[in-house]
Amino acid sequence: MDKIRIVGGNTLNGVIPISGAKNAALPLIIASLLTDETLTLENVPRLRDVAMLTRILSNHGVDYSLNGKRPGEDHLTGQTIHLTAREIVDTRAPYEMVSQMRASFWVIGPLLARAHQARVSLPGGCAIGTRPVDLFISGLEALGAQIEIEAGYVVTRAPGGLVGARYRFPKVSVGATHTLMMAATLARGETVLEGAAREPEVVDLAKCLVAMGAKIEGAGTSTIRIQGVDRLSGTTHRVLPDRIETGTYAMAVAMTGGDVTLTHTSADLLRSALEVLAATGTEITETSDGIRVRRGPGPILPVDVTTEPFPAFPTDLQAQFMALMTRASGTSSITETIFENRFMHVAELARLGARIAIDGRTARVEGVERLAGAPVMATDLRASVSLVIAGLVAEGETMVSRVYHLDRGFERLEEKLSRCGAIIERISGEGMR
Ligand SMILES: CC(=O)N[C@H]1[C@@H](OP(=O)(O)OP(=O)(O)OC[C@H]2O[C@@H](n3ccc(=O)[nH]c3=O)[C@H](O)[C@@H]2O)O[C@H](CO)[C@@H](O)[C@@H]1O
Ligand SMILES: C=C(OP(=O)(O)O)C(=O)O
Numbered sequence: 001m002d003k004i005r006i007v008g009g010n011t012l013n014g015v016i017p018i019s020g021a022k023n024a025a026l027p028l029i030i031a032s033l034l035t036d037e038t039l040t041l042e043n044v045p046r047l048r049d050v051a052m053l054t055r056i057l058s059n060h061g062v063d064y065s066l067n068g069k070r071p072g073e074d075h076l077t078g079q080t081i082h083l084t085a086r087e088i089v090d091t092r093a094p095y096e097m098v099s100q101m102r103a104s105f106w107v108i109g110p111l112l113a114r115a116h117q118a119r120v121s122l123p124g125g126c127a128i129g130t131r132p133v134d135l136f137i138s139g140l141e142a143l144g145a146q147i148e149i150e151a152g153y154v155v156t157r158a159p160g161g162l163v164g165a166r167y168r169f170p171k172v173s174v175g176a177t178h179t180l181m182m183a184a185t186l187a188r189g190e191t192v193l194e195g196a197a198r199e200p201e202v203v204d205l206a207k208c209l210v211a212m213g214a215k216i217e218g219a220g221t222s223t224i225r226i227q228g229v230d231r232l233s234g235t236t237h238r239v240l241p242d243r244i245e246t247g248t249y250a251m252a253v254a255m256t257g258g259d260v261t262l263t264h265t266s267a268d269l270l271r272s273a274l275e276v277l278a279a280t281g282t283e284i285t286e287t288s289d290g291i292r293v294r295r296g297p298g299p300i301l302p303v304d305v306t307t308e309p310f311p312a313f314p315t316d317l318q319a320q321f322m323a324l325m326t327r328a329s330g331t332s333s334i335t336e337t338i339f340e341n342r343f344m345h346v347a348e349l350a351r352l353g354a355r356i357a358i359d360g361r362t363a364r365v366e367g368v369e370r371l372a373g374a375p376v377m378a379t380d381l382r383a384s385v386s387l388v389i390a391g392l393v394a395e396g397e398t399m400v401s402r403v404y405h406l407d408r409g410f411e412r413l414e415e416k417l418s419r420c421g422a423i424i425e426r427i428s429g430e431g432m433r
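So the sequence shown is numbered by UniProt numbering: it starts at 1 and just counts up by one.
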């Protein structure tokens with residue numbers, strides 16, 4: 001298995017291009033199931049999750065092809081994928097697939113809407129929490145679906161098609177919002193989703209669905225109104241920039257010091273995280289195409305954060321921010337309210353010399369003067385990049401193992417960082433990548 005080797009101590013200086021958002025690309029790829037015409041997605045990141053999802057969708061009958069690179073194009077430019085679900089050939093999503101790639105559970109919405117039936121494996125839990133799907137089930141039932149749980153599968157039918165309804169989410173769920181919004185585009189009549197997720201990726205999916213002919217209003221607010229239509233068509237859509245990748249590199253620069261411009265992104269996607277970073281003493285300025293992040297030799301100031309749904313501080317940046325706080329000039333509190341078990345990185349950061357105590361949902365991080373390199377293990381996607389951020393300032397060598405987690409969501413991370421002066425390399429293991 002591949003490992004990442006980092007030798008800490010260098011500041012970061014230069015330019016980092018930000019990729020398209022994984023968490024927008026995944027529902028957008030799934031939206032291709034809603035039409036028999038071709039959906040073309042541009043700026044799709046080259047990630048393990050994207051590759052796996054396109055393979056999974058091919059089981060349902062989606063043909064896909066990738067555009068080649070144009071001459072002179074930077075090899076970090078996102079790829080263009082064409083997806084065509086001329087016919088839905090299989091409405092089953094087996095356990096072996098859904099358990100590997102939980103967002104593939106979201107196919108349940110488009111399959112029900114278009115083929116009026118689906119048999120989709122329950123995804124199960126993962127390293128960060130139990131992650132139930134009760135909201136998907138109650139939401140789809142509200143739209144008229146009949147649902148049974150049989151041998152670990154959600155078996156659902158909507159004879160005659162889904163019917164628009166009013167559904168109030170008892171708690172905010174990004175995935176259930178994506179799924180119900182997609183399902184409602186082809187339902188008969190009006191659907192009103194209240195308490196919906198307001199994440200930029202929901203807005204991006206809605207924009208694409210509208211370009212496909214859907215009638216959606218209110219995406220980006222907590223009430224989304226969808227008027228069902230008979231059919232959707234193909235379109236071309238550009239995936240929005242990855243706000244989590246943006247925030248991750250901003251935190252890496254805050255950690256090492258230096259001066260880095262993040263391009264192809266926008267501060268509007270992560271205002272609350274950037275405000276928190278500014279409070280740590282990091283200089284953040286907006287550019288025409290992104291964000292410039294600078295920090296001089298002064299101390300990293302401690303700041304308390306609580307993760308919450310958008311527009312508040314995102315859970316997907318919690319581990320990275322904790323890595324930064326390990327070197328703060330004081331103690332900070334980090335409270336995780338979205339996932340019940342998203343502190344797996346704490347024990348690994350401790351191996352590098354961090355002082356962190358967990359009390360329920362809150363981690364108290366006492367900043368230390370120095371971290372020292374050590375072998376550490378990635379436990380999930382964002383935890384793994386937090387270890388990289390810590391490794392960038394740890395004295396000596398940090399070796400991060402199980403980097404397949406990192407490859408789910410960070411495109412060419414070692415290349416982007418080494419271009420800016422970091423000493424970081426991938427050590428290939430047998431048969432991996
Ligand atoms: C591929 C993708 O976009 N993943 C993101 C998505 O995950 P995902 O869509 O899975 O996360 P949700 O927003 O659904 O989860 C939020 C909370 O709601 C709970 N819940 C969710 C559904 C449900 O039916 N019942 C229930 O109780 C979850 O266990 C969790 O505690 O949003 C999360 C929260 O911003 C991010 O961390 C993930 O990176
Ligand atoms: C938790 C994440 O992804 P997923 O929902 O696919 O597990 C993430 O992107 O940080």
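For every residue, glycine included, the Cβ atom is placed at its ideal position computed from N, Cα and C.
Measuring alpha carbon to alpha carbon, tell me which of the options ends up nearest residue i.
i, options, result
"residue 435", "Gly296, Ala127 and Val303", "Outside the modelled stretch of the chain, which goes from 1 to 433, sits residue 435, for which no answer is possible."
"Gly195", "Ala206, Leu140, Gly220 and Ala184", "Gly220"
"Asp36", "Ser58, Val44, Ser19 and Ala85", "Ala85"
"His405", "Tyr95, Ile16 and Leu47", "Leu47"
"Cys126", "Gly109, Gln100, Leu112 and Asp134", "Gln100"
"Leu26", "Asn10, Ala103 and Val203", "Ala103"
"Asp49", "Val89, Ser401 and Leu28", "Leu28"
"Thr306", "Pro299, Thr280 and Ser333", "Ser333"
"Ala197", "Arg55, Gly258, Pro309 and Leu381", "Pro309"
"Ala93", "Ser65, Gly61 and Ile81", "Gly61"
"Gly20", "Arg238, Glu199, Ile137 and Gly373", "Arg238"
"Gly175", "Arg168, Glu199, Tyr95 and Ile147", "Glu199"
"Ala350", "Ala383, Glu336 and Thr179", "Ala383"
"Pro375", "Leu324, Met399 and Glu395", "Met399"
"Ile224", "Arg231, Ala279 and Ile216", "Ile216"
"Ala115", "Gly139, Gln79 and Leu34", "Leu34"
"Gly330", "Val346, Ala113, Arg355 and Ala372", "Arg355"
Does the beta carbon of residue i fall short of 7 Å from some heavy atom of ligand 1?
i, result
"Leu26", "yes"
"Asp2", "no"
"Phe339", "yes"
"Pro132", "yes"
"Val174", "yes"
"Leu135", "yes"
"Glu141", "no"
"Ala103", "yes"
"Ala51", "no"
"Lys171", "yes"
Could you give the DSSP three-state label for residue i: helix, strand or coil?
i, result
"Lys215", "strand"
"Asn341", "coil"
"Ile427", "strand"
"Arg433", "Its pLDDT being 41, under 50, Arg433 is placed unreliably by the model, and nothing is read from it."
"Leu193", "strand"
"Gly391", "helix"
"Lys207", "helix"
"Asp359", "strand"
"Gly175", "helix"
"Glu348", "helix"
"Arg327", "coil"
"Gln318", "helix"
"Glu148", "strand"
"Arg402", "coil"
"Ser104", "helix"
"Ile137", "helix"
"Glu308", "coil"
"Glu199", "coil"
Tell me residue i's beta-bridge partners as DSSP assigns them.
i, result
"Gly373", "Gly373 pairs with nothing; no bridge assigned."
"Ser121", "Tyr153"
"Leu262", "Ile16 and Ile291"
"Arg382", "Paired residue(s): none; Arg382 is not in a bridge."
"residue 440", "There is simply no residue 440 to check, as the chain begins at 1 and stops at 433 in what is shown."
"Gly129", "Cys126"
"Lys3", "Ile427"
"residue 467", "A question about residue 467 goes unanswered here, because the residues of the chain that appear run from 1 up to 433."
Examine ligand 2 and report whether any of its heavy atoms sits within less than 7 Å of the Cβ of residue i.
i, result
"residue 442", "Residue 442 lies beyond the stretch modelled for the chain, which goes from 1 to 433, so this question has no answer here."
"Gly409", "yes"
"Asp316", "yes"
"Lys22", "yes"
"Arg361", "no"
"Ile427", "no"
"Arg55", "no"
"Arg243", "no"
"Ile128", "yes"
"Ala383", "no"
* Contained alpha helix (DSSP H) runs [length at least 4] in the segment 33 to 92, N- to C-terminal order -> Counting only runs of 4 or more, we get 48 to 60.
* Asked: For the segment 8 to 33, which segments carrying the alpha helix (DSSP H) assignment without a break, of at least 4 residues, lie completely within its bounds, in sequence order?
  -> Given a length threshold of 4 residues, each whole run of the alpha helix (DSSP H) inside the segment 8 to 33 is given here in chain order: 22 to 31.
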